[in-house]
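See structure below.
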Amino acid sequence: MNLIQVHVWRGGAKGAFQSFEVPRHASQTVLDVVTHIQRTLDATLAYRYACRVGMCGSCAMTVNGVARWTCRTHVDKVVKNDQIEIAPLRNLPVIRDLVTDMREFFDKWARAKGSFESDRTRQDDFAVLPPEDENRKQVDAAIECIGCGVCYSACDVVAWNPDYLGPAALNRAWTLVKDERDTAGVARLRAIAGDAGCHACHTHLSCTERCPKQLSPTASIAGLKRAVALAALRGEL
Amino acid sequence: MSTRAQTLLWMAQRVSAAVLALCVVVHLATMIYAVRGGLTAVEILARTRGSIAWLLFYMLFVLATVVHLPIGLRAVLGEWLGWRSPSRDAALLLFAAVLAWIGMRAVLGVFL
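Line by line, the protein sequences give chains A and B. So the first sequence is numbered by numbering that gives the first Met the number 0: it starts at 0 and just counts up by one. So the second sequence is numbered by numbering that gives the first Met the number 0: it starts at 0 and just counts up by one.
So this is what it looks like as structure tokens:
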């Protein structure tokens, strides 16, 4: 039987890699590998997953040094010399083994005013946003984020500046800035501007390169920079 | 520092970068042209001394540098050294003043 050597992070912030031998199968994903270890080799291994089909965003890990969604990452794509190294996501506190604490990641969505605000009620008619509307096109291009944290883990600015809101929260804010129904307006721009916001982005594009949904948080952040600059020039900021 | 001030700093850095891009091209082109027949102080001073155009150009160059450099350094100090307290901005303001002083001194040195 074809085996692969899998080196898995064990412990919290301090710990070490533990090696396992896992049988290799056709179309096997990295999540399959971790699940095999937990179910047959070491039941104490902690990891997180839910949907297994790339929708929930809960299974992201660092595979061979690169943040990836493990449920849609085939072993064939990442294995090197029959070896794989699996670690928790970077830039987030490790709870245990492969499980990170995502609180700060999602708290930053709230800090970036990442929730829809509206003055409409259920008595109002539907807002009509045609697919060809330019603002809607920009929302559509950024809306499919599953909140996996891969971009946040890949971002060097997050590593250097812990207050930085990060690509996912800013991308979310951008979808709301361009949403004509949203009423947060300048208050949201204030929330996402400055040293901890969009202006901290160095356009390294790591988030865009790593996003498993092929979104471009970098483009969203650039859009926010333009929107904030315009607001500042108008004296609204 | 307020979010608005941080935003204005970012805008100032972008604008000064555009100015610097132009200034550096002109400066490099002048250097390449000037060294063709050998570079001498006499030749440089003959071009710059009393020239209002060169005076204004190099004053703009210095001004763009004075704006651009401390803002960039502000990010470097914050990210690499974790220096984010107000003392960082005070130190950079002093740095900008020193840059302006030595830059303008050099510009006037070849004009007067």
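Quick reminder that beta carbons are idealized off the backbone N, C-alpha and C, glycines included. A quick note: this is a predicted structure, and the numbers were derived from the prediction, not measured.
Cutoff 8 Å: residue i Cβ touching any chain A Cβ
i               : result
Arg87 (chain B) : no
Partner residues on chain A for residue i, Cβ-Cβ distance less than 7 Å
i               : result
Gly49 (chain B) : Here the premise fails: no neighbours, minimum Cβ distance about 39 Å.
Under 7 Å from the C-beta of residue i: neighbouring residues of chain B
i                : result
Val227 (chain A) : Thr6
Asp189 (chain A) : The question names Asp, but residue 189 (chain A) is Arg in the sequence shown. Per Cβ cutoff of 7 Å: Thr2.
Leu30 (chain A)  : Per Cβ cutoff of 7 Å: no residues; Leu30 (chain A) is ~34 Å from chain B at best.
Ala261 (chain A) : No answer is possible for residue 261 (chain A): the residues shown for chain A start at 0 and end at 236.
Asn160 (chain A) : Gly77, Glu78
His198 (chain A) : Gln5, Thr6, Trp9
Beta carbon proximity, residue i to chain B, threshold 8 Å
i                : result
Ala192 (chain A) : yes
His6 (chain A)   : no
His203 (chain A) : no
Asn80 (chain A)  : no
Leu236 (chain A) : yes
Residues bridged to residue i (per DSSP)
i               : result
Met60 (chain A) : A:Arg67
Ser18 (chain A) : A:His6
Ile85 (chain A) : A:Val7, A:Val62
Thr28 (chain A) : A:His73
Thr99 (chain A) : A:Val93
Lys79 (chain A) : A:Gln82
Sequence-distant residues of its chain with Cβ nearer than 7 Å to residue i (five each side left out)
i                : result
Leu59 (chain B)  : Val18, Cys22
Val93 (chain A)  : Gly11, Ala12, Pro87, Thr99
Cys206 (chain A) : Cys150, Ala153, Cys154, Pro166, Pro216, Thr217
Asn134 (chain A) : Lys177, Glu179
Val52 (chain A)  : Cys70
Ala95 (chain B)  : Val65, Pro69
Leu223 (chain A) : Leu169, Ala172, Trp173, Val176, Ile191, Cys197
Other residues of its chain near residue i: CB distance less than 6 Å, five sequence neighbours each side excluded
i                : result
Phe19 (chain A)  : Val5, Ile36, Leu40
Asn63 (chain A)  : Val77, Glu84
Gln17 (chain A)  : Val7, Arg9
Lys107 (chain A) : Leu164, Gly165, Ala168
Ala11 (chain B)  : Val66
Leu236 (chain A) : Ala230
Interface residues of chain B facing residue i [CB-CB closer than 9 Å]
i               : result
Asn90 (chain A) : Within 9 Å Cβ-Cβ: nothing; Asn90 (chain A) doesn't reach chain B, min ~14 Å.
Same chain only: Cβ atoms within 8 Å of residue i, ignoring 5 sequence neighbours per side
i                : result
Pro85 (chain B)  : Met0
Ala33 (chain B)  : Glu42, Ile43, Arg46
Asp88 (chain B)  : Met0, Arg73
Leu2 (chain A)   : Glu20, Val21, Pro22, Arg23, Asp81
Arg89 (chain A)  : Thr61, Ala66, Ser152, Ala153, Ala158
Met103 (chain B) : Met58, Val61
Report the residues of the region 77-109 of chain B with a CB closer than 8 Å to any CB of chain C, ordered along the chain. Among the protein chains of the structure shown, namely A and B, there is no chain C.
The region 46-62 of chain A contacting the region 142-150 of chain A, beta-carbon criterion three pairs below 8 Å: Enough Cβ pairs lie closer than 8 Å, so yes.
Report yes or no: do the region 159-168 of chain A and the region 181-197 of chain A share at least 3 C-beta pairs separated by less than 8 Å? Touching, yes, given that three or more Cβ pairs across the two stretches are closer than 8 Å.
Specify whether the region 202-222 of chain A and the region 167-177 of chain A touch according to this definition: at least 3 beta carbon pairs, one from each stretch, less than 8 Å apart. Verdict: yes, contact present.
Quick check: the region 116-124 of chain A against the region 175-194 of chain A, are at least 3 beta-carbon pairs closer than 8 Å? Because the criterion of three Cβ pairs below 8 Å is met, the region 175-194 of chain A and the region 116-124 of chain A touch.
Is there contact here, the region 68-76 of chain B with the region 43-58 of chain B, by at least three beta-carbon pairs under 8 Å? Contact between the region 68-76 of chain B and the region 43-58 of chain B is absent, because fewer than three Cβ pairs lie under 8 Å.
Determine, using beta-carbon pairs with one atom in the region 23-32 of chain A and one in the region 64-76 of chain A, whether at least three such pairs fall under 8 Å. Enough Cβ pairs lie closer than 8 Å, so yes.
Using a Cβ distance threshold of 8 Å, determine whether the region 96-110 of chain B contacts the region 37-48 of chain B, with at least three qualifying pairs required. The region 96-110 of chain B vs the region 37-48 of chain B: in contact.
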